Amino acid sequence: MDDAMRALPLEGASNFRDLGGYAAGNGMRVRWRRLFRSDQLSALTQADAQALARLGLARTIDFRGQEERSAQPYALPRVRQLPLPIEPTVVRRYRELAARGERFGVALADRLMRETYLGFVADDAPQFAQFFEQLLQDDAPLVFHCTAGKDRTGFAAALLLLALGVGREQVMQDYLLTNRLYRRPPPPAQDDTTRAVHEVIWGVRAEYLQSALAAVDQGSGGLQGYLQGRLGLSDAARARLAALYLEAPPR
2 MDDAMRALPL EGASNFRDLG GYAAGNGMRV RWRRLFRSDQ LSALTQADAQ ALARLGLART
62 IDFRGQEERS AQPYALPRVR QLPLPIEPTV VRRYRELAAR GERFGVALAD RLMRETYLGF
122 VADDAPQFAQ FFEQLLQDDA PLVFHCTAGK DRTGFAAALL LLALGVGREQ VMQDYLLTNR
182 LYRRPPPPAQ DDTTRAVHEV IWGVRAEYLQ SALAAVDQGS GGLQGYLQGR LGLSDAARAR
242 LAALYLEAPP R
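Shown next as structure tokens:
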């Protein structure tokens with residue numbers, strides 16, 4: 002299927018999409034209508050909420066920082082919310098400098114993005130471990146999100162798909178889909194430098210996720226060691242994750 006078809010046509014969120022259908026090895030695939038990823042949900046309309054209710058959405062996992070959640074809260078009927086805050090760095094610094102009229106160059110933006118992704122691996126493992134704890138509770142449909150649904154959410158989606166046995170090419174394909182779907186905020190100015198920085202800050206680039214996964218690979222035991230040692234995914238937990246979220250495709 003066209004990956005753009007994964008996206009749900011919501012008015013208040015542009016990057017809400019289904020992780021179902023990805024091949025996971027052994028003839029299995031990720032189940033449809035169980036795992037969703039998204040940008041923030043604070044602008045959802047009543048029609049959007051009804052659409053999510055028809056999906057049976059029961060849980061949201063919110064990776065936004067405390068100020069982000071306070072500034073743009075949301076509530077969905079009969080949906081449990083779990084905050085797992087990972088504080089933003091790049092966008093906050095970008096906005097602070099822009100408000101002061103200072104330049105935020107492409108080189109600095111690129112460096113901060115790379116540092117952010119390495120920080121996911123080194124510093125934010127406790128939040129991602131809790132993310133998997135929630136996934137392992139049951140298979141009630143859930144969405145995990147941050148503000149843009151691209152960095153914190155993108156790394157979480159990559160870990161989840163890899164833990165389910167999805168190949169790295171498809172993991173990267175899912176990650177980059179944000180560039181086709183997400184409605185970016187307008188840049189604070191229209192000069193070439195600002196537009197270029199805006200592209201870095203609000204888009205995704207393969208090298209950012211690649212750098213994070215390279216850091217995982219270089220750690221003790223590689224990906225499997227990271228999943229088990231840092232995220233608490235034992236062999237039994239991986240088997241339960243597969244049982245909950247994988248299925249055989251129809252014949």
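Its first residue numbered 2, the sequence shown is counted upward by one per residue in our numbering.
Where is the CB? At the ideal position from N, CA and C, for every residue including glycine.
Only a predicted model underlies this, so the values are computations on that prediction, with no experimental measurement involved.
Query, Result
"Bridge partners - A8, DSSP secondary structure assignment", "R18"
"Burial state of D193, where buried means 16 or more other Cβ atoms lie within 10 Å", "exposed"
"Nearest residue (CA-CA) to R181, options V205, L143, F132 and Q41", "V205"
"Runs of beta strand (DSSP E) lying entirely within the segment 131–174, each at least 3 residues, in chain order", "143–146"
"F129 versus P89: straight-line alpha-carbon distance, rounded", "15 Å"
"Buried/exposed call for S15, threshold 16 Cβ in 10 Å", "buried"
"Cβ separation of L247 and V31, assumed to be a contact under 8 Å, to the nearest whole Å", "6 Å"
"W33 classed as buried or exposed, judged by whether at least 16 other C-beta atoms fall within 10 angstroms", "exposed"
"For R115 and A159, the rounded distance between their alpha carbons", "16 Å"
"Neighbourhood of L143 by C-beta distance below 6 Å, restricted to the same chain and skipping five residues each side", "R60"
"S221 - DSSP class collapsed to helix/strand/coil", "coil"
"R35 in three-state terms, based on DSSP", "coil"
"Alpha-carbon to alpha-carbon, G26 and G13", "35 Å"
"Beta-carbon gap between V198 and V107 smaller than 7 Å", "yes"
"Distance between L20 and P250 (C-alpha atoms, nearest Å)", "15 Å"
"Member of Q225, E200, L58 and D124 whose CA lies at the smallest distance from the CA of P86", "D124"
"Element boundaries [alpha helix (DSSP H), containing Q191]", "Looking at the DSSP string, Q191 is not in any alpha helix (DSSP H), and its letter there is neither H nor E."
"According to DSSP, residues forming a beta bridge with M114", "M114 pairs with nothing; no bridge assigned."
"Cβ shell of T46 (< 6 Å), same chain only, five flanking positions each side left out", "E12 and G13"
"A164 burial status per 10 Å Cβ neighbour count (16 or more: buried)", "buried"
"Proximity to H146 [Cα-Cα], best of L232, E69 and A54", "E69"
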